[in-house]
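The opening residue of the sequence shown carries number 325 in this note's numbering; numbering runs sequentially from there. Backbone N, C-alpha and C fix where the C-beta goes; we use that ideal spot for every residue, glycine too. Please read these numbers as outputs of a predicted model, since none were measured by experiment. Worksheet for the structure shown next.
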Amino acid sequence: MMIILGWCRSCTKLFVVTLFLFFTLACGLTQGLTDRSGPTPTVSLGSGGAEKEDSAAIIEENTPENDAPTPPADSAETPAPTVESQTTPDNATADTTRRPDQPATLADNQIFILPGDDPPTMDPHLSGDAASAEYVVEIYSGLMVYDKDLNLVPDIAESYEISDDGLVYTFNLKEEAVFQDGKPIRAEDFKWSFERACDPATGSHTADTYLGDIVGCRAKLQGEADEVEGVTVIDDLTLELTIDEPKGFFLAKMTYPTAYVLDRETVEGDPEWYLQPNGSGPFKLAEFAPDEGAIVLQRNENYYGEPKPTLERVIYLVNTPINLMTGYEEGLSSLGLSGGFYFDAIPLGVSQLSRATDPNNPLSKEFMSEPSLNVSYIGFNVAQEPFDDPLVRQAFNLALDKQRMVRLVFQDTVPVANGIVPPSMPGYENPDLSDFEFDPERALELIAESSYGDPSELPEITLHVSGTGGAVGPLVESIVESFKQNLGVEISVEQVPWEQFLRELNDPNTPYQMYQLGWIADYPDPQNFLEVLFHSESSQNHGNYSNPELDALLDQARATQDEQERQALYQQAEQLILEDAAWIPLYFGVENWLVKPYVYGFRIPPIKIPKFQYISIAEH
C-alpha cells in the first residue's frame, strides 16, 4: 500500500533546517565530485523524504512561493497524493511524458540532484508510504519488478512456474544475483526475509496485505504459528511459494518492499542496520542525514540486473532552505554548492504551471507531465460517531463542492475524483459510475433523516491531517469552510507529524473521526484500491468500514480468473463503496515536473518503482 500525505515533494519551498548542519553535510557530499564542466565544487563550510500511503494528499505548505499547493501523488500510502492534472495542459508543446534514453556523449560526472522527503522508515518490511518507498525501491530488490514501461518481469528470479491449480509458484533464482557486498542471494535468504516480515515482533503493517496470500503468513502474524508454512526452500536457487487460493495479482505483490530480500547477517548484527544496509538494488545508501539536509544514493557496482546504473550518485536535498524553482533555474550556490550545481529535476506546484506550459517560455521544453495512479480523499471512521451513520456520511459528501475546491485551490489543474480507482488505471474503466453531486439542501435533509436529526446535535468533529503546525493550507481550509457554510458544522483541524499520523491510522482503534490522506497504487490493478482499502479484513482499511455485500463482491473478484468478469465485479464494488459514502474522494493525481534538457532517460512512473538506473547525464 502506498499512502500519500500532503507531501513536501510537491511544495515549491522545502522546510528550513539548520544551515550549518546542511552546509556541513554538503561539503562531505561533494568531496571527490567535480562540476560537470570540470572544477571541483566549493563549499563554504564543513561536512555533514507509496503506506504506500502518500504524503502528497495533504498538500498543505503555505508559503509565498507556493500559494496554491501541488496536488498529491505517489500505493503506498502517501500523505495525500500530489495530483496536478489528469491531462497535459493544452499549451504544453514538448513531449511531456519521457525523455530519450541515451545521450550522444555522457558527462564526466554522473550526479543527479533533486528535492526529497524525510522518510518515516528505511526498513522495507515496514515501508508503507511513498516517502519511504522512494528510497527503498532503489536500495533493495525482490523476486519480481516493474520495468520502466510498467511490464511485470522477473528480477532476482530468473524465471518462475505456476502450478495448474494456480496455488504453487516456483521461482528459479539468478545465480549471479548478489547483495551489494558481493554475497550471493539464495533461496534461504528469501525464506528468512519472509519469516521476518510475517513475524509480529517486526511490526509490519503491510505484511498481511502483501504476503498474507502465502499459506501460514497470517497465522504467524497472529502468533498462531512459528513458521510460514507456504515458503519452501527446494535448493539454493529454487524457492517455492504456496498461496491460499488462485490470485492473478499475486506476482505483482512480489514487487512490493515487504517482499524484498534482506541480508540476515546485517539485520541481526546491528539494531540500526537500515542506516548502513547491505541491499541488492541498483543503488546503495551512501549517506542518510535528513536532519542535516540530504540523503545520498550511490551506484551499486555489484548490481546483477539490467540496465546497470550510469548515475554515480543521486543526491536528495531534504528540508533545505531554498525555493525549488530558484534551485532549478539559478543553481544551488546559496547552499554553498558552487561550480554549476542545480536541481536537475523538480516537481511543480500549481503556481508554476502557467510558466512551465507557456510555449513562449523556454521552460516549456523542460516540462513533463504524467498521470499518477493515486487518489486524494477524506476518510471516515465508521466506528465513531457521527460517521457510524451512513446518512451523515452521505450528507458530508453532498455538502462538499469539489468542483469549486479544484477551481480555487488547484486552478482547475487536477480532475475531481468521482470514484475510487484512478481513470489512468490500465485495463479498467467504470463509465457508468455515479457519485454524489454537490447538493447542500439534500445534505441538510439527510442530516434531518439521520439518527442525529439536526446538525446542532452532531458531536464535535475533528479532521486529522498530516503536518507540524502553522497554516493547514488552502485545501483543508476550503474543505472545512464548505462544511461550515453548507451544513452549519464547525470542524476542528488537528495536525499530526507524518510518522505519528501513520502509526495512529494503522491502529485498529484509531482515535481519528475523519482524516485527509491519499493512496497511490502499489501495482496497477483495481484490487489494490478496492479490496486493500475497503475489505473488512484488510489491515489498510483505516476507516473500519465493513459491508458484507462488498466483501462478497471483492472475494468473488479475487478468485475470478476471467478478466472481464473480474472487472465487472470491481465496477459493482466501486459503485457500492460510493453509495455507502465510505469516503469523500477529492481528486485524482497527475505529476508535473521540470527536468533539465541534459537529463536523459527520465520518466515519471505512475507507481513507486526503480527509475534511476535508466537516467544518465549528457555532456553540457
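Return the first residue and the last residue of the alpha helix (DSSP H) that residue i is part of.
i       : result
Trp-516 : 511-521
Leu-811 : 798-811
Thr-494 : Not the alpha helix (DSSP H): Thr-494 falls in the beta strand (DSSP E), residues 492-497.
Glu-761 : It is not in any alpha helix (DSSP H) - Glu-761 carries neither H nor E in the DSSP assignment.
Leu-787 : First-last for Leu-787: 785-790, but that is the beta strand (DSSP E), not the alpha helix (DSSP H).
Gln-824 : 822-829
Leu-715 : 714-723
Val-460 : 454-463
Gln-727 : 726-734
Leu-854 : 851-858
Return the first residue and the last residue of the beta strand (DSSP E) that residue i is part of.
i       : result
Glu-694 : 691-704
Ala-613 : 607-613
Gln-840 : 838-844
Gln-622 : 618-623
Glu-482 : 481-486
Tyr-470 : 468-470
Leu-438 : 435-440
Leu-476 : 476-478
Buried or exposed: where does residue i fall if 16 or more other Cβ atoms within 10 Å of its Cβ makes it buried?
i       : result
Ile-941 : buried
Ala-374 : Per-residue confidence for Ala-374 stands at a pLDDT of 37, beneath the threshold of 50, marking its modelled position as unreliable; the derived number appears in the next sentence. Buried.
Leu-609 : buried
His-944 : exposed
Ile-558 : exposed
Ala-455 : buried
Lys-808 : exposed
Arg-510 : buried
Ser-678 : exposed
Gly-593 : exposed
Asp-441 : buried
Val-340 : The pLDDT assigned to Val-340 is 32, lower than 50, so where the model puts this residue is not dependable, and the model offers no usable value.
Asn-865 : buried
Gly-506 : exposed
Asp-473 : exposed
Gly-547 : exposed
Pro-595 : exposed
Arg-728 : exposed
Gly-777 : exposed
Ser-806 : buried
Counting only the same chain and skipping the five closest in sequence on each side, list residues whose C-beta sits under 6 Å from that of residue i.
i       : result
Glu-773 : Leu-715
Gly-605 : Glu-462, Ile-463, Tyr-464 and Ser-465
Ile-771 : Ala-719 and Pro-779
Pro-448 : Val-460, Tyr-464, Pro-581 and Tyr-584
Ile-486 : Tyr-493
Ser-775 : Asp-713
Ala-845 : Ser-399, Leu-697, Asn-852 and Ile-931
Lys-726 : Val-740
Gln-563 : Just to set this straight, residue 563 is Leu in the shown sequence, not Gln. So the list reads Phe-495, Ala-511 and Phe-514, once near-sequence residues are dropped.
Less than 7 Å between C-beta atoms, sequence neighbours within five positions excluded: which residues of the same chain meet that for residue i?
i       : result
Val-539 : Glu-553, Gly-554, Thr-566, Ile-567 and Asp-568
Leu-874 : Phe-858, Ala-897, Leu-900 and Ile-901
Glu-855 : Ser-862, Leu-878 and Arg-882
Ile-908 : Tyr-701, Ile-702, Phe-720, Asn-721 and Leu-724
Pro-601 : Ile-463, Thr-590 and Leu-609
Ala-767 : Ala-719, Leu-722, Ala-723, Asn-810 and Leu-811
Tyr-652 : Tyr-666, Phe-667, Ile-670 and Leu-918
Ile-928 : Met-692, Glu-694, Glu-915 and Trp-917
Gly-743 : Asn-754, Leu-757, Asp-759, Glu-898, Leu-902 and Pro-909
Gln-880 : Leu-893
Ala-951 : Nothing in the structure corresponds to residue 951, since the chain is present only between 325 and 944.
Phe-711 : Phe-704, Asn-705, Arg-717, Gln-837 and Met-838
Could you name the residues of the same chain whose beta carbon sits closer than 8 Å to that of residue i, not counting the 5 residues immediately before and after it, in chain order?
i       : result
Thr-786 : Ile-815, Ser-816, Val-817, Glu-818, Tyr-836, Gln-837 and Met-838
Pro-427 : Tyr-922, Tyr-924, Ser-940, Ile-941, Ala-942 and Glu-943
Val-477 : Met-468, Val-469, Tyr-470 and Asp-471
Pro-832 : Asn-868
Item to complete: Could I get the ranges of all uninterrupted alpha helix (DSSP H) runs contained in the region 872-933, with 4 residues as the minimum, in chain order?
Response: Restricted to the region 872-933, the alpha helix (DSSP H) segments that are unbroken, complete and at least 4 residues in length are 872-883 and 887-903, listed in chain order.
Fill in: the region 740-752 contacting the region 845-857, beta-carbon criterion three pairs below 8 Å
These segments touch.
Practice prompt. Would you mind listing the beta strand (DSSP E) stretches within the region 526-590 that are 3+ residues and don't spill past its ends, in chain order?
Written response: Along the region 526-590, the beta strand (DSSP E) occurs as fully enclosed runs of 3 or more residues at 555-559 and 562-566, listed in sequence order.
Discussion item. I want to know whether the region 834-843 touches the region 691-703 - three or more CB-CB distances under 8 Å.
Written reply: A contact exists between the region 834-843 and the region 691-703.
Discussion item. Count Cβ pairs between the region 581-590 and the region 506-521 that sit closer than 8 Å; are there 3 or more?
Written reply: By the Cβ criterion, the region 581-590 is in contact with the region 506-521, since at least three pairs of Cβ atoms, one from each stretch, lie closer than 8 Å.
Discussion item. Would the region 432-452 count as touching the region 621-636 if we require 3 or more Cβ pairs under 8 Å?
Written reply: Flag = yes, the region 432-452 and the region 621-636 touch.
Practice prompt. Please confirm if the region 623-633 is in contact with the region 932-940, defined as three or more CB-CB distances below 8 Å between the two stretches.
Written response: Taking a cut-off of 8 Å on C-beta distances, the region 623-633 touches the region 932-940, as three or more cross pairs fall below it.
Discussion item. Is it the case that the region 880-899 contacts the region 683-690, given that we only count it when at least three CB pairs across the two stretches are under 8 Å?
Written reply: Note that the region 683-690 does not touch the region 880-899; fewer than 3 beta-carbon pairs, one per stretch, sit closer than 8 Å.
Discussion item. For the region 823-837 against the region 661-681, do three or more pairs of beta-carbon atoms, one drawn from each stretch, fall closer than 8 Å, so that the two count as touching?
Written reply: No, they do not touch.
Worksheet entry | the region 668-678 / the region 637-651 touching (three or more Cβ pairs under 8 Å) | The answer is yes - the region 637-651 touches the region 668-678, with three or more Cβ pairs under 8 Å.
Item to complete: Please go through the region 640-690 and give each complete alpha helix (DSSP H) segment of 4 or more residues, from N-terminal end onward.
Response: For the region 640-690, whole alpha helix (DSSP H) runs of length 4 or above, ordered along the chain, are 648-653 and 677-680.
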